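Which chain is which? The protein sequence lines are D and V, in order.
All residue numbers for the first sequence refer to my numbering, where the first residue is 1 and numbers rise by one.
All residue numbers for the second sequence refer to my numbering, where the first residue is 1 and numbers rise by one.
Glycine included, every Cβ here is placed at the ideal spot set by N, Cα and C.
This structure is a prediction, so every number in the text was calculated from the model and none was measured.
Heads up, the thing below is written out as structure tokens.
There are 2 protein chains.
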Amino acid sequence: MPATSVAEELAKKQREISVSEFFERNKQVLGYDSPTKALLTAVKEAVDNSLDAAADADILPDILVEVRKVDKDEFLVAVEDNGPGIVKKEVANVFGRLLYGSRFFARAQSRGQQGLGISGAVMYGQVTTGKATKIISKVEEDDVAYQVELIIDTKKNMPTKVREDRVIWERAHGTRVEVPLKGRYIGGRQSIPEYLEATAIVNPHARITYKPPEGDPIVFERATEELPPKTKEIPPHPHGIELGTLMQMMKETKSYKLSSFLEEEFVRVSARVAKEICEAAGLDPDTKPKSLGLEQAKALHDAMQNAKLMAPPTDCLSPIGERLIKKGLKNVLGNLRPEFYAPPVTRDPSVYSGNPFQVEVGIVFGGDLPADQPVEVLRFANRVPLIYQAGGCALTQAVAHVDWRRYGLEQRGGEGLPFGPAIVLVHVCSTKVPYTSEAKEAVATVDEIMTELDLALKECGRRLKTHLTKKAHRAKTREKFEIVQLILPRIAEKSAKIVKKKVPVLDATITKIMGVVWVDETIAYDKKQKRHSVTINVHNFTDAGKKLNLHLLLPRGVAAKDLDPKPSEVREDGKVTWELKRIDSVDKASVTFVLEGLDEAEYDESDLYVSGINPVLVIGAEPLPGDWELNYAEFETEETPPPAEAEDEGEIDYDETEEALDDE
Amino acid sequence: MPATSVAEELAKKQREISVSEFFERNKQVLGYDSPTKALLTAVKEAVDNSLDAAADADILPDILVEVRKVDKDEFLVAVEDNGPGIVKKEVANVFGRLLYGSRFFARAQSRGQQGLGISGAVMYGQVTTGKATKIISKVEEDDVAYQVELIIDTKKNMPTKVREDRVIWERAHGTRVEVPLKGRYIGGRQSIPEYLEATAIVNPHARITYKPPEGDPIVFERATEELPPKTKEIPPHPHGIELGTLMQMMKETKSYKLSSFLEEEFVRVSARVAKEICEAAGLDPDTKPKSLGLEQAKALHDAMQNAKLMAPPTDCLSPIGERLIKKGLKNVLGNLRPEFYAPPVTRDPSVYSGNPFQVEVGIVFGGDLPADQPVEVLRFANRVPLIYQAGGCALTQAVAHVDWRRYGLEQRGGEGLPFGPAIVLVHVCSTKVPYTSEAKEAVATVDEIMTELDLALKECGRRLKTHLTKKAHRAKTREKFEIVQLILPRIAEKSAKIVKKKVPVLDATITKIMGVVWVDETIAYDKKQKRHSVTINVHNFTDAGKKLNLHLLLPRGVAAKDLDPKPSEVREDGKVTWELKRIDSVDKASVTFVLEGLDEAEYDESDLYVSGINPVLVIGAEPLPGDWELNYAEFETEETPPPAEAEDEGEIDYDETEEALDDE
């Protein structure tokens, strides 16, 4: 066959592929690559929709998930919610067309953003069972619900209604979808109940009822009646917007002036900033945006990227928050008791391609957690737990990229998932999460997101390390205490015997050798009243009186009660400062307070800092970090020039001491 | 806002999303999540197209890849080929519409199957630079080439021609595409030259010239003038076809009878098999396929799944093959010298969802390879190297799922990527590779594929293990030899001295203690002539004459020359058998042959087996496996009932011997 006729032959084969045909033949990219996964994916898509719908209408979600076994490998997945319902004329479109939806063009944090989720489930169902999906939906002003059974005409990507009806339905409003599909039911890891539980934890305002194929229903009760703050839709942020996208926006804008285009169609661009950008680009602010050529658009784009702008507002995002991060971690622990929750890190919002996003990290460490396995990474995106594709996910990769050896975890070669007794929770929320595929199983490795993840993980790592260092310090000092109290009296006794004198009183000597200020705490918990009673003791084991300031950082949103003594300052961000009275040598000072309404595991250690004293002398509290400015009058501080060899002096050479004893 | 008006509000926002809009906002799923990756993805898509086009037209591909730096973060990717060209009226469609192509509906192994690749690159280019893509294409019968610059109208998913022309072009036929895009250029791992080199290795019939942004062009010369066997398009295989898909096919078929529908629209269904399937389903073979209801379709589907059918024909697939697998492995070794290439495994074709697929695995082990890092996994799909998303890929996950400790590699907990001095190459080819996303970076974990991968990896692992065991055996026996030859004479000497007799001749005694037939080989290589000269020696270190058959398995497609002595049998599949003459005690037999045209690393150890002798006695060759039937007259075999304690007898207790010496 000559080459030419090949070209002609090939041309004959060229044709358009409908989006339904594409996904029908590539169902794995929607998350339907195995019967086990298919079942979970279908549930996930329907629950995502239900949560989003409730959020849109400010309704506390009440969701019923039912998985019924129909045949040896056929199941019926039914998900029902109390959302606002879908108006009749849109029901068939929402469920029966791929790439159809309401959230795709909105810059707001939501679970479904693609217009592919639930219609993908409908298509997978019909491909594997030959059956239609049934939907019932009711909006409040209608007396009856609308019910339709439909399949997707994949050639046209349009719904075909098999049957429709008006039916009586007990709900005031809401939607129920029933998808028949080929599946395999599993328990344990990566299972439907596990996914629902994780979902319930980070959406504590939702009640989720699960009816498994066998056994009793499980109810994940709502933990709060409070809706999470509603996220706002916002225009794009100028940072990271692509040149081509900018040009497209200028072509489509209704603004007649460049400056007003910038001001109106971007967030964080004031009139003043808009002018500055135009100036920097060498463009007249009154130019018509439509009139800009490629070179001018490029100059504008550069100026936008280089402009100093505020980070995007936080109210377009809905992070999980410190409390729920700890709760999420606690949940997977089961009966295991950890040693320590590193205070979770929530970064400030950042931007990629004009999309705001925010990163959160929490770590739980030690105790009964297995030390000989890679750490578990719990992944969340927009409050949705990610179950599959861990290895292909930016969240896992960011964890594997940190050198955890610096933070006290074992890691061969300083790369890869660390081993050790720890679980790491990572959450990314964004007005547009860049998933690696339509299955929304993994986040793509976008540079800006990787940077933020890295910073958040390292910060949380440092918090872990601080704890471990503190712990090691204390352990070392305690050991020293014990040895000094054991050995010094023996030396004294023997020496006294030799020189035939009275055994001297050693308290002051021991204190001098120790030379530390020792901070420790006890936390009592009253389960019934959900009360933590915290006592912090500051022991002065130095040979002189000491004066210092004690600083406490409470977890976000937690307020302390009954503080005694009264602190010098209590700030809204949870920073509390006590200007302690002078503590005499061998004496101690105490501070007590009460926390209410937390679960036991939510507060297991106080975040303590000191100032006004050489921090090298203090065991059990860190030096006050520079960013915690003291905004009140200078404290009267102690002028104790610390002994240069403070650390060394403290070190006892046990061997020498032992020798001394033997050499009597 | 009451719930109702929310439903109305939401309804207003509902709209259709064009496929271009979808991918414009989700460019990461096409592989454009970072500027670095974007550059490679664009090259990859264009090269895939060029290779496919050449294959369609039976042309030896000659591909030019050029990456030019335009601006600090802007590049021009130009790829030019000598393919058949594209007819004028299709050029704009092929490059300017997403989901448009010629291979989507074909069940044949090709690189591009989605109709998304090159148009995705065009779209990414225009979004990031605001510029159009230029295409030149010429078909053989035209005197001039067609040149067009186009962008994609994303709202309509249609090309907009910015400019078009007829131009003079030196090529007889071919296509050149120039995509301007935002990118970042890197060298080393995951770089364009690395990808091109890997591509050249598994496509040895292609010449690829690469002009990097800086420095001299690199030419990957063609290693053969022979085109790989052309793969055939085939209808689906009945196994794994989904019920819904089957029903759709029956609705659309032109066949009037069920039996002819089955026979014509499926591979491996003969008239007889079609009848059997109808019978098993309780259906009349003359029924009209269109008339079948759901229950009947289900019965038919069940019968099809349970029918015993031949595996799909191999001519629809194009595996890499043993030689190229070794070459691919050798390439990444650079200057490292490995110890051993485990003979690669190519599984027979299998089926998932009606799509034939085939799995290949190769392992290179030991030598200079680093032992303290996770093994490297080289991934290929349809002869395309996979560069990104290793962690999210079925190929990597299958490797991590094998318990490699059984095959001599270190692996903590028997899971995860093993550590050790090894590189694993894995290839999946299929008429439809189930990629996890449109970026075609990773293969989805489809059950049937996972099973085949697992079998292939374990088989290759066993081959590795066989080598390691053989090596350990030899080492152990060699040690025994040395010790026996050292110690026995000393015992003899001392004993003779004590009893005042002459020191006895020990040869027979040593032989008796060893009691083995020792097989070893030397391989000499002549670089100029590309000649391997192989000598195999069979030493009889037993106390009796031995007769045995030596069997050699040559690599696929390799023939031996100058075999001496003449073998009893040479089969086409590379199985060679020598019926050796009796070897006297302490004597040896030798076999020599020559292999021509292989690279040195392609043959480093002979695959040897023995029969007609108790295999326990033989070191250096394995017992003949059961599947290697001896299809010639019974050999005259030795009746040497091996001593039951053959193995034990061989073991020397060194301590006892030493004691004996000391106790003189």
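Could you please give me the residues that DSSP links to G694 of chain D through a beta bridge? Outside the shown range of chain D (1 to 664) lies residue 694 of chain D, about which nothing can therefore be said.
Any C-beta of chain B sitting closer than 8 Å to the C-beta of Q373 of chain D? Although the question refers to chain B, the structure presented lacks it and instead comprises the protein chains D and V.
In three-state DSSP terms, what is W518 of chain D? strand
Starting from the C-beta of K432 of chain D, find all residues in its chain whose C-beta is less than 6 Å away, skip the five residues before and the five after it, and write them out in chain order. N355
Is it the case that the Cβ atoms of P180 of chain V and V67 of chain V are separated by a distance below 8 Å? no
Residue span of the alpha helix (DSSP H) that contains V399 of chain D, given as start and end: 394–401
Using a C-beta to C-beta distance shorter than 7 Å, which residues of chain V count as neighbours of N93 of chain D? Q14
Tell me the DSSP secondary structure of N549 of chain V in three-state form. strand
For a minimum of 4 consecutive residues, which ranges assigned as the alpha helix (DSSP H) are wholly contained in the region 489–515 of chain V? 507–514
Does DSSP put W628 of chain D in a helix, in a strand, or in coil? coil
For E197 of chain D, which residues of its own chain have a beta-carbon under 7 Å away from its beta-carbon, when the five flanking residues on both sides are left out? F220, N331
Does the distance from the CB of D543 of chain D to the CB of K512 of chain D come in under 8 Å? yes
Best match in D:I487, D:V426, D:G408, D:E170 for proximity to D472 of chain D [C-alpha to C-alpha]: The sequence shown places Ala at residue 472 of chain D, rather than the Asp named in the question. Selected option, being the one with the closest Cα: D:G408.
Taking the alpha carbon of S590 of chain V as the reference point, which residue from V:K566, V:A601, V:T509 has its own alpha carbon closest? V:K566
CA-CA distance, K50 of chain V and V139 of chain V? According to the sequence provided, residue 50 of chain V is Ser. The question's Lys does not apply to it. About 14 Å.
Cutting at 8 Å between CB atoms, please list the residues of its own chain near T160 of chain D, excluding the five before and the five after it. G96, L150, I151, I152, D153
If you compare alpha carbons, which of D:M304, D:S34, D:L554, D:G115 is closest to S18 of chain V? D:G115
State the DSSP-derived secondary structure class of M310 of chain D, mapped to helix, strand or coil. coil
At the 8 Å Cβ level, is A297 of chain D part of the contact set with chain V, yes or no? yes
Other residues of its chain near Y435 of chain V: CB distance less than 8 Å, five sequence neighbours each side excluded: A381, E441, A442, V443, A444
Once you ignore the five residues that flank T637 of chain D on each side, which residues in its own chain have a CB closer than 6 Å to its CB? Low per-residue confidence applies at T637 of chain D: pLDDT is 43, beneath 50, and the placement is therefore not dependable, though the value from the model is reported in the following sentence. Contacts found: G612.
Would you say Q485 of chain V touches the ligand MG, meaning its beta carbon is less than 7 Å from a heavy atom? In the structure on display, the ligand MG does not appear, and there are no ligands present to speak of.
On the three-pair Cβ rule with 8 Å, is the region 341–358 of chain D touching the region 562–578 of chain D? no
Chain-ordered chain D contacts of F104 of chain V [CB-CB under 7 Å]: I17
Taking C-alpha atoms, which residue in D:P385, D:K575, D:L395, D:Y341 lies nearest to T466 of chain D? D:Y341
So, with DSSP's three-state summary, where would you put A439 of chain V? coil
Along chain V, which residues have their Cβ under 9 Å away from the Cβ of I241 of chain D? What I241 of chain D touches in chain V: nothing, since even the nearest Cβ is about 10 Å away.
Using a 10 Å radius around the Cβ and a threshold of 16 neighbouring Cβ atoms, would you call K89 of chain D buried or exposed? exposed
Measure from the alpha carbon of A55 of chain D to the alpha carbon of each residue in D:A439, D:R383, D:G392, D:Y603, then state which is nearest. D:R383
Are there three or more Cβ pairs, one per stretch, closer than 8 Å when the region 223–238 of chain D is compared with the region 75–95 of chain D? no
Exposure of L550 of chain D, with buried meaning 16 or more beta-carbon neighbours within 10 Å: buried
Spatial distance of K69 of chain D from L76 of chain D (CA atoms): 6 Å
Could you run through the region 327–342 of chain D and flag, in chain order, every residue whose CB is less than 7 Å away from some CB of chain V? none
Quick check: is the beta carbon of M247 of chain D nearer than 8 Å to any beta carbon in chain V? yes
Which class does K480 of chain D belong to by DSSP, given the choice of helix, strand or coil? helix
Of the residues V:C393, V:F419, V:I218, V:E452, the one placed nearest Q373 of chain V, counting alpha carbons only: V:F419
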